[in-house]
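Numbering (our numbering), first residue to last: 386 to 559.
Where a beta carbon is used, it is the ideal one built from N, C-alpha and C, also for glycine.
The structure under discussion appears below in the form of structure tokens.
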Amino acid sequence: MAVLLHVVAEASLRPRYAFMVLTLIAEAADSDGKAGPFVRRGNQIHSLRDWLSESLAPMGARDPRRLALTDRVRDELQREGKLARDPVEAALLLEQEVRDRIRMSTKTNLSRAVSELVRAGLVRRHYAGFRVDHQNRGGHRHVVYTLAGQARCLLHPAPAQPRRLERQREFVFN
386 MAVLLHVVAE ASLRPRYAFM VLTLIAEAAD SDGKAGPFVR RGNQIHSLRD
436 WLSESLAPMG ARDPRRLALT DRVRDELQRE GKLARDPVEA ALLLEQEVRD
486 RIRMSTKTNL SRAVSELVRA GLVRRHYAGF RVDHQNRGGH RHVVYTLAGQ
536 ARCLLHPAPA QPRRLERQRE FVFN
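And the structure:
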């Protein structure tokens, strides 16, 4: 683990964030280290990028820039005349717009962090789509991340298979 932390620290401009991304990918990964294109949590299925973005979004809740974003969005909506007069409806619209902007920002940061992890050799990235796997994004393809190299130490070991107990057999007499 110490070697992995050193590699992440050397490869990333934001090593704590990159390590959080790496551990979330490991959490979503199967026993082969492959995460995506979809993640099931409870009864819901999310694309891997959406799930990672939603998981990382609370990390900046107390950040002054995040708090200032709400004020900026409120001002923009008022200038454009999109803010409703009803305070409850206005609050819902404001909350949704802020959430959308945070999601876009988080996806950008996520993409940057994963690119650093790919360059460090800790993650491989490809895109799985409707018809074929493909290296290029687009065309209704979704990202798949595979843990590689030192990052494989984050995988949870496969559960041990229960051993069948040998049962004593009965002798058959003629």
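For L454, which residues from the same chain have a beta carbon less than 8 Å from its beta carbon, with the 5 sequence-adjacent residues on both sides left out?
As a working note, residue 454 is residue 69 in the sequence shown. Within the same chain, L454 has close Cβ partners V483, R486, I487.
Given 8 Å as the limit, is there contact between the segment 498-515 and the segment 400-419, that is, 3 or more CB pairs closer than that?
Three or more Cβ pairs closer than 8 Å define a contact, and the segment 498-515 meets that threshold against the segment 400-419.
Along the chain, where does the beta strand (DSSP E) that runs through H431 open and close?
Within the sequence shown, the letter at position 46 stands for residue 431. Note, H431: beta strand (DSSP E), 429-432.
Taking 8 Å as the threshold (beta carbon to beta carbon), is S500 in contact with chain C?
The chain inventory of the structure shown lacks chain C, comprising one protein chain alone.
C-beta contact flag for R459 and L479 at 8 Å
Start at 1 with the first residue of the sequence shown, and residue 459 comes out as number 74. Start at 1 with the first residue of the sequence shown, and residue 479 comes out as number 94. Contact: yes.
For R537, which residues of its own chain have a beta-carbon under 6 Å away from its beta-carbon, when the five flanking residues on both sides are left out?
For the purposes of this step, residue 537 is identified with residue 152 of the sequence shown, where counting begins at 1. For R537, the CB contacts under 6 Å within the same chain, skipping 5 residues up- and downstream, are G418 in chain order.
Using the rule of at least 16 other Cβ atoms within 10 Å of the residue's Cβ for burial, across every protein chain shown, is R434 buried or exposed?
Start at 1 with the first residue of the sequence shown, and residue 434 comes out as number 49. Taking every protein chain shown into account, the CB of R434 has 16 or more other CB atoms within 10 angstroms, so this residue is buried.
DSSP beta-bridge partners for K419?
Along the sequence shown, read from residue 1 onward, the residue named residue 419 stands at position 34. T531, per the DSSP bridge assignment.
Strictly by DSSP, which residues pair up with V557?
Taking the first residue of the sequence shown as position 1, residue 557 is located at position 172. Partner(s): none; V557 has no beta bridge.
In the segment 413-499, which residue ranges form an unbroken alpha helix (DSSP H) of at least 4 residues, counting only runs that do not cross its ends?
Those alpha helix (DSSP H) runs which fall completely within the segment 413-499 and span 4+ residues are 433-441, 449-465.
Taking all protein chains shown into account, do 16 or more other C-beta atoms lie within 10 angstroms of the C-beta of F404, making it buried, or fewer, making it exposed?
In the sequence shown, the residue the question calls residue 404 occupies position 19. Buried, because 16 or more other Cβ atoms sit within 10 Å of the Cβ of F404.
Using a threshold of 8 Å, state whether the C-beta atoms of L539 and S416 are closer than that.
Stepping through the sequence shown from its first residue, residue 539 is reached at position 154. Stepping through the sequence shown from its first residue, residue 416 is reached at position 31. The answer is no: Cβ separation not under 8 Å.
Within 8 Å, strictly: CB atoms of L502 and V406:
Within the sequence shown, residue 502 is the residue found at index 117, counting from 1. Within the sequence shown, residue 406 is the residue found at index 21, counting from 1. Their beta carbons are under 8 Å apart, which means L502 touches V406 by this criterion.
For I430 and V528, the rounded distance between their alpha carbons:
Taking the sequence shown and counting its residues from 1, one reaches residue 528 at position 143. Taking the sequence shown and counting its residues from 1, one reaches residue 430 at position 45. Distance between the alpha carbons of V528 and I430 is about 14 Å.
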